[in-house]
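Structure, as structure tokens:
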Amino acid sequence: MEFKILKKSKISRARLGILKTSSGEIETPAFVPVATQAVVKTLTSEEAEAAKCRILIANTFHLHLKPGEKIVKNSGGLHKFMNWPRPLMTDSGGFQVFSLGFGRDFGVGKIIKNNADNADRKTVGVGQQPKQLKITEDGVIFRSPIDGKELFLGPKESIGIQENLGADIIFAFDECPPPNADYEYNKLAMRRTHRWAVQSLKAKKLKTQSLFGIVQGGKFKDLRIESAKFIGSQPFDGFGIGGEFGDNKKTMEKMVGWIIENLPGGKPRHLLGIGYPEDIPKIIKAGIDTFDCVAPTHYARRGIAFIPSGKLDLNKSFFLKDKNPLDKKCGCFVCQNYRRNYISHLLRAKEITALKLLTFHNLYFFNSLVEKIRKQMKKGEI
RNA sequence: GUGCCCGUAGCUUAAUGGUAAAGCUCCGCUCUGUGGCAGCGGCAACGUGGGUUCGAUUCCCAUCGGGCACC
Numbered sequence: 000m001e002f003k004i005l006k007k008s009k010i011s012r013a014r015l016g017i018l019k020t021s022s023g024e025i026e027t028p029a030f031v032p033v034a035t036q037a038v039v040k041t042l043t044s045e046e047a048e049a050a051k052c053r054i055l056i057a058n059t060f061h062l063h064l065k066p067g068e069k070i071v072k073n074s075g076g077l078h079k080f081m082n083w084p085r086p087l088m089t090d091s092g093g094f095q096v097f098s099l100g101f102g103r104d105f106g107v108g109k110i111i112k113n114n115a116d117n118a119d120r121k122t123v124g125v126g127q128q129p130k131q132l133k134i135t136e137d138g139v140i141f142r143s144p145i146d147g148k149e150l151f152l153g154p155k156e157s158i159g160i161q162e163n164l165g166a167d168i169i170f171a172f173d174e175c176p177p178p179n180a181d182y183e184y185n186k187l188a189m190r191r192t193h194r195w196a197v198q199s200l201k202a203k204k205l206k207t208q209s210l211f212g213i214v215q216g217g218k219f220k221d222l223r224i225e226s227a228k229f230i231g232s233q234p235f236d237g238f239g240i241g242g243e244f245g246d247n248k249k250t251m252e253k254m255v256g257w258i259i260e261n262l263p264g265g266k267p268r269h270l271l272g273i274g275y276p277e278d279i280p281k282i283i284k285a286g287i288d289t290f291d292c293v294a295p296t297h298y299a300r301r302g303i304a305f306i307p308s309g310k311l312d313l314n315k316s317f318f319l320k321d322k323n324p325l326d327k328k329c330g331c332f333v334c335q336n337y338r339r340n341y342i343s344h345l346l347r348a349k350e351i352t353a354l355k356l357l358t359f360h361n362l363y364f365f366n367s368l369v370e371k372i373r374k375q376m377k378k379g380e381i
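Residue numbers (my numbering): 0 to 381.
Shown next, in the form of structure tokens:
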């Protein structure tokens, strides 16, 4: 892999680049749509490409369970398996330590609003374990959500699976602590993640893949700096930034800043799981090169379209009388050919095509948004 | 025409001699390394008219509407 920085902004930390992988190159900054189960839900790979997707991220944990990495490997690897010849990432399964663990126990996502509703939420401290899984020094004992069987995932296991899957960019196994974890828990989890990072490097054998280390540290400045410095000092090909980013957009920007300042400048930085439209200019200005987010695809399946002025909830009945396209200025095939009333009807009729049309539009919207930012960067406007 | 049964929220159904509950629909809200989920909140009803009773959605009568059986 090669990362070429074409231009550095003079007014922010933003940079324009080309990320060259074994499966071709992408322009950065770039949005990375989520294809957990080796598919952008509701779309074919050809459709994802038509929606301007140039790189996707699949998931180690999910693909290990179903269909199993050997099936994928025997099918010629992830690219051939899903007919996606372009660049691919796989997430390490570290996030599932959170989403199937404390995230499920407390019913929280990785961003938790610090309001009255959450004032009485308990904090997670050192020594606590999630109900459904066990975190040890060597890795994590999961229970398969499919058959309840015990399943162990550590750095070696994760890298082994990711090598079999065969994405171009793979991630070190990490622990993503919950947003309600206290300082001491974050410190402990972060240092464990650092040890796992070193073990992930050691476990990696294939040279065709690039390995990204993951920075943790929660919302704590000294931990984020320590993590960025440590992970940054290791021979990774690039860096992921994981975990939580405070309870509002401003703190997120600030926190990403702490990390970026302490990472080596020449390697790509991927922000894990962040990217609402309003976040995108901010994180790019903070120095992020790639980022993934379920927002466009997940919201689509809840009936919501992203447009320049915000979001449209097509479930609302007044859209049944709205003959406009989702977005008049959008160039995607959905906006060229379909109207809000029809999509709203399909949603109400529970027709899966509604989800497909919205997914396509949302991805096109996100990818166009980032494309526009790249153009602005070329002109020196960002 | 006669007999029997049934009329509770937009829909499908509960419960009760002390003014009513749920599911779906509908209307809000939440979801950031993905659940084609889920969760939270809200609007909304005793067919009509009498009677008995301190009090009737509940018991009685009539009436209207629906169903079944018989003629």
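In this text, a Cβ means the ideal position worked out from N, Cα and C, and glycines have one as well.
{"Check": "Residue burial classification, K355 (beta-carbon count within 10 angstroms, cutoff 16)", "Outcome": "buried"}
{"Check": "In chain order, each beta strand (DSSP E) run of at least 3 residues that lies wholly inside the segment 112-190", "Outcome": "139-142, 149-152, 168-170"}
{"Check": "CA-to-CA distance, P280 to P66, given in whole angstroms", "Outcome": "37 Å"}
{"Check": "Residue of E149, E156, I283, P177 minimising C-alpha distance to V107", "Outcome": "P177"}
{"Check": "Backbone secondary structure at K72 - three-state DSSP", "Outcome": "helix"}
{"Check": "Length of the line joining the Cα atoms of S143 and S91", "Outcome": "16 Å"}
{"Check": "Reference I111; option with closest CA among G242, L205, E350", "Outcome": "G242"}
{"Check": "Nearest candidate by alpha-carbon position, reference K377, set K79, E26, I306, A49", "Outcome": "E26"}
{"Check": "Residue range of the beta strand (DSSP E) that includes V33", "Outcome": "Note, V33: premise wrong, no beta strand (DSSP E); not H, not E."}
{"Check": "Rounded straight-line distance, which links the Cα of L319 to that of I168", "Outcome": "43 Å"}
{"Check": "DSSP beta-bridge partners of T20", "Outcome": "G23"}
{"Check": "Beta-carbon contacts of K7 that lie in its chain and below 6 Å, excluding the five residues immediately before and after", "Outcome": "R14"}
{"Check": "Under 8 Å between C-beta atoms of T89 and L210", "Outcome": "no"}
{"Check": "Sequence ranges, beta strand (DSSP E) only - wholly within the segment 284-322, length at least 3", "Outcome": "289-291, 303-306, 309-312"}
{"Check": "Heavy atom of the ligand COA within 7 Å of L64 beta-carbon", "Outcome": "Ligands are entirely absent from the displayed structure, and the ligand COA is therefore not among its contents."}
{"Check": "E149 to G216 span [Cα, whole Å]", "Outcome": "28 Å"}
{"Check": "Sheet register partners of D90 (DSSP bridge)", "Outcome": "N58"}
{"Check": "Boundaries (first-last residue) of the alpha helix (DSSP H) holding R223", "Outcome": "220-232"}
{"Check": "Assigned exposure category for T135 - 16 Cβ within 10 Å defines buried", "Outcome": "exposed"}
{"Check": "Assumed close pair A29, I54 - CB separation to whole angstroms, cut-off 8 Å", "Outcome": "6 Å"}
{"Check": "Beta strand (DSSP E) segment containing V214, residue limits", "Outcome": "209-214"}
{"Check": "Extent of the continuous alpha helix (DSSP H) run through E1", "Outcome": "Note, E1: premise wrong, no alpha helix (DSSP H); beta strand (DSSP E) at 1-7."}
{"Check": "Own chain residues within Cβ distance below 6 Å of K203, not counting five before or after", "Outcome": "I158, L210"}
{"Check": "From E252, G75, K371, A304, residue whose alpha carbon lies closest to that of S11", "Outcome": "E252"}
{"Check": "G272 - DSSP class collapsed to helix/strand/coil", "Outcome": "coil"}
{"Check": "Classification of P263 by the beta-carbon crowding that lies within 10 angstroms, buried from 16 upward", "Outcome": "exposed"}
{"Check": "DSSP bridge partner residues for F238 (one or two, in chain order)", "Outcome": "G212, R268"}
{"Check": "Beta-carbon proximity of F60 to L132, cut-off 8 Å", "Outcome": "no"}
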